[in-house]
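Numbering (the numbering used here), first residue to last: 36 to 263.
See the structure below:
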């Protein structure tokens, strides 16, 4: 059975419903209040919410983890997150990341100075916490999750053969492919290199349409030349 990676617009970004073999799971949960839309995406395809294999959060910003608590309760699915994100998920607040260009540095400054309730969501405890890599074989999925920090310290990506769901490690938001927000750019670049070195041909960001590898490589090469 062909793996289907289905974007579900859930606020400012997308969650992904992945139907693989005889299993299905979620990557991210969108902003607070988007749980009904995600549940509808599941049931409209003839799938039962209580059969959801797991919920993987690429990181714990409000637009990725905002509906996690509700969906965990509604489905009974376990939440998977990288260790650095676990405490943030349990408090329901992940903060505003740093900007990577003048415009978004300004937005970041304002976000940090004035703690916005928009960044908050219902806290929930994760069920599975990993450090560098998590094999998904025990869930019946031919894939794995790897730590790809930079946007946040615990940002991670899910790899399914030649496809990668990357959260905010990459963007496809207008002209932005390199993320406009990242707490550690040097580490982010290393994560890009890690992802580019995999046998992946398509990257699925939370913001924007899928990216083919050649396009990402061109942005990476241009970026590295500008840093010399």
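Ideal Cβ placement from N, Cα and C applies to all residues, glycine included.
Beta-bridge pairing of residue i - partner residues as DSSP gives them
i           : result
residue 42  : 51
residue 61  : 52, 90
residue 134 : 216
residue 168 : 181
residue 155 : 128
residue 163 : 115
Reference residue i, options the options, closest by Cα
i           : options       : result
residue 126 : 106, 136, 158 : 158
residue 182 : 168, 195, 55  : 168
residue 130 : 107, 101, 108 : 101
residue 50  : 243, 235, 156 : 243
residue 200 : 214, 235, 218 : 235
residue 160 : 104, 177, 96  : 104
Buried or exposed by the 16-neighbour rule on C-beta atoms within 10 Å, applied to residue i
i           : result
residue 57  : exposed
residue 48  : buried
residue 197 : exposed
Query raised in the report: Do the region 97 to 114 and the region 182 to 197 make contact, defined as three or more Cβ pairs closer than 8 Å?
Result: no
Query - Stretch pair the region 65 to 77 + the region 158 to 174: three plus CB contacts closer than 8 Å - result: no
Query raised in the report: Can you give, in chain order, each stretch of the alpha helix (DSSP H) that sits fully within the region 190 to 249 and has at least 4 residues?
Result: 220 to 231
Query raised in the report: For the region 77 to 88 against the region 118 to 133, are there 3 or more C-beta pairs whose distance is under 8 Å?
Result: no
Query - Touching by the beta-carbon criterion (3+ pairs, under 8 Å), the region 40 to 47 and the region 61 to 68 - result: yes
Query raised in the report: In chain order, which continuous runs of the alpha helix (DSSP H) of length 4 or greater are located wholly inside the region 90 to 123?
Result: 97 to 100, 103 to 110
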